[in-house]
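K.L.:
In this note's numbering, the protein residues as written are 2 to 395.
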């Protein structure tokens with residue numbers, strides 16, 4: 002939903018934001034199951050509040066011992082994930098060593114299982130729904146500029162803090178506003194950056210660092226509009242964050258995880274779900290398609306929609322919107338994509354190699370774009386460009 006002329010804003014959150022904490026824990030549990038059983042069925046949810054982490058879900062493995070092993074290891078998986086994020090204070094956010102961990106695992110419903118693993122051995126979709134993918138030539142990684150800058154502020158800001166001896170803590174949020182003229186970015190009009198920090202720093206020190214180091218490094222003056230404004234820790238000192246300051250839940254940052262609001266969203270979260278759930282796998286496939294369309298020079302912008310019915314393999318619909326930037330008809334592109342790619346759940350899983358335990362870090366700094374490695378996260382790769390060109394020229 003980028004405006005032709007006007008202002009467009011996207012936000013991002015750090016790995017230590019309470020909702021992102023829950024996403025990473027849910028995906029760490031998923032990785033643990035997939036490392037033992039690549040065909041495991043996982044639906045894992047996490048709640049973080051004050052000094053307590055609650056992890057619940059439904060699971061199915063081919064060997065009961067794999068379920069038991071992850072259940073027994075879950076407490077340490079959760080605490081190690083908190084340590085990896087950088088938490089360590091019961092007073093300021095959460096202490097991985099002393100927090101209360103509650104685990105509520107259950108076995109997957111046999112009715113759901115029978116709908117996904119059908120008697121004809123064809124993998125059906127794990128649920129109904131619609132999923133969207135997007136790509137734009139605004140940035141080298143084919144992601145929207147506002148989202149990319151908002152994410153870079155957080156992804157690189159912590160490293161800048163370490164280099165300058167500034168003690169930032171894990172929780173942070175950012176927001177960037179881009180001015181558009183005639184459908185193209187014309188400048189950065191505003192930035193909002195709020196970062197949890199150690200009590201030893203004054204608010205003046207934090208604002209000076211965020212302004213002179215973080216913003217100036219990532220949004221230099223030549224990218225800013227004349228009326229550029231910045232709000233830096235606008236609420237004042239922020240020392241209490243993470244689950245101590247706000248409750249977190251898996252799946253509450255679906256726009257941060259995707260395109261910053263630049264395209265529609267089907268409403269399904271990614272984290273904690275194995276790839277038989279098309280909320281995750283088909284959303285990755287939609288990004289894969291959109292990226293190929295733009296990288297192949299067939300459009301400057303591309304939105305892809307896929308939809309599925311629970312238990313069915315073939316998508317109910319495949320649609321593309323090139324936003325008036327296309328070089329070939331949209332219907333022709335749809336036909337070529339369906340010729341090149343198998344968009345059944347099994348086909349997507351095989352194409353993108355989704356049964357590997359690579360998901361915990363996808364819950365940090367978005368599932369798409371420059372912070373994802375195309376070797377690990379195949380939906381960001383471009384191995385089908387020649388195939389798509391061949392199908393279009395036939």
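The beta carbon of each residue, even a glycine, is placed where N, CA and C say it ideally should be.
Predicted model, so just to flag it, every value in this text is computed and none were measured.
Any contact between the stretch 229-248 and the stretch 195-214? By contact I mean 3 or more CB pairs, one from each, below 8 Å.
P.N.:
Contact between the stretch 229-248 and the stretch 195-214 is present, because at least three Cβ pairs lie under 8 Å.
K.L.:
Going along the chain, which residues of its own chain have a beta-carbon closer than 7 Å to the beta-carbon of residue 79, five neighbours each way excluded?
P.N.:
Excluding positions up to five away in sequence, the list reads 26, 54, 56, 102.
K.L.:
Can you give me the C-alpha to C-alpha distance between residue 248 and residue 22, rounded to a whole angstrom?
P.N.:
Distance between the alpha carbons of residue 248 and residue 22 is about 10 Å.
K.L.:
How close, in whole Å, do the beta carbons of residue 277 and residue 346 come, if the pair is a contact with beta carbons under 8 Å?
P.N.:
6 Å between Cβ atoms; contact.
K.L.:
Out of 365, 108, 243, 230, which one is the CA nearest neighbour of residue 51?
P.N.:
For the residues 365, 108, 243, 230, the minimum Cα distance to residue 51 belongs to 243.
K.L.:
Check whether the stretch 208-226 and the stretch 175-189 touch, using three or more Cβ-Cβ pairs below 8 Å as the test.
P.N.:
As far as the Cβ criterion goes, the stretch 208-226 touches the stretch 175-189, which means the pair count is three or higher.
K.L.:
Determine the burial state of residue 15: buried for a count of at least 16 other Cβ atoms within 10 Å of its Cβ, exposed for fewer.
P.N.:
The residue is buried, with at least 16 neighbouring Cβ atoms inside 10 Å.
K.L.:
Give the single residue among 5, 28, 13 whose Cα lies nearest to the Cα of residue 275.
P.N.:
Minimum Cα distance to residue 275 is reached at 28.
K.L.:
Consult DSSP for residue 233 and reduce its assignment to one of helix, strand or coil.
P.N.:
Strand.
K.L.:
For the beta strand (DSSP E) that contains residue 185, what are its first and last residues?
P.N.:
Looking at the DSSP string, the run of the beta strand (DSSP E) that includes residue 185 is 185-198.
K.L.:
Rounded to the nearest angstrom, what separates residue 213 and residue 266 at their Cα positions?
P.N.:
Going by the C-alpha atoms only, they are around 35 Å apart.
K.L.:
List the endpoints of the continuous beta strand (DSSP E) containing residue 1.
P.N.:
Since the first and last residues shown for the chain are 2 and 395, residue 1 lies out of range.
K.L.:
With burial defined as no fewer than 16 other Cβ atoms inside 10 Å of the residue's Cβ, what is the status of residue 183: buried or exposed?
P.N.:
Per the 10 Å Cβ criterion, exposed.
K.L.:
Near residue 153, which residues of its chain fall below 6 Å by C-beta distance, leaving aside the five closest residues on each side in sequence?
P.N.:
The answer, listed in chain order, is 219.
K.L.:
Answer with buried or exposed for residue 143, where buried requires no fewer than 16 other C-beta atoms within 10 angstroms of its C-beta.
P.N.:
Classification for residue 143: buried.
K.L.:
Output yes or no for whether 8 Å exceeds the beta carbon distance between residue 126 and residue 261.
P.N.:
Taking 8 Å as the Cβ cut-off, residue 126 and residue 261 do not qualify as a contacting pair.
K.L.:
If you drop the 5 nearest sequence neighbours on each side, which residues of the same chain put their C-beta closer than 6 Å to that of residue 174?
P.N.:
Correct list, in chain order: 14, 195.
K.L.:
Span of the beta strand (DSSP E) holding residue 138?
P.N.:
Per DSSP, residue 138 belongs to no beta strand (DSSP E) and is neither H nor E.
K.L.:
Would residue 351 pass as an interface residue toward chain C - the criterion being a Cβ-Cβ separation below 8 Å?
P.N.:
Among the chains of the structure shown, chain C does not appear; only one protein chain is present.
K.L.:
Can you check whether the CB of residue 270 is closer than 8 Å to the CB of residue 349?
P.N.:
Not closer than 8 Å, so no.
K.L.:
Using DSSP with H/G/I as helix, E/B as strand and the rest coil, what is residue 318?
P.N.:
DSSP places residue 318 in strand when its eight states are reduced to three.
K.L.:
Quick one: which unbroken beta strand (DSSP E) runs of 3-plus residues sit fully inside the stretch 146-174? Chain order, please.
P.N.:
List check, beta strand (DSSP E) in window: nothing returned.
K.L.:
For the stretch 282-301 against the stretch 366-383, are there 3 or more C-beta pairs whose distance is under 8 Å?
P.N.:
A contact exists between the stretch 282-301 and the stretch 366-383.
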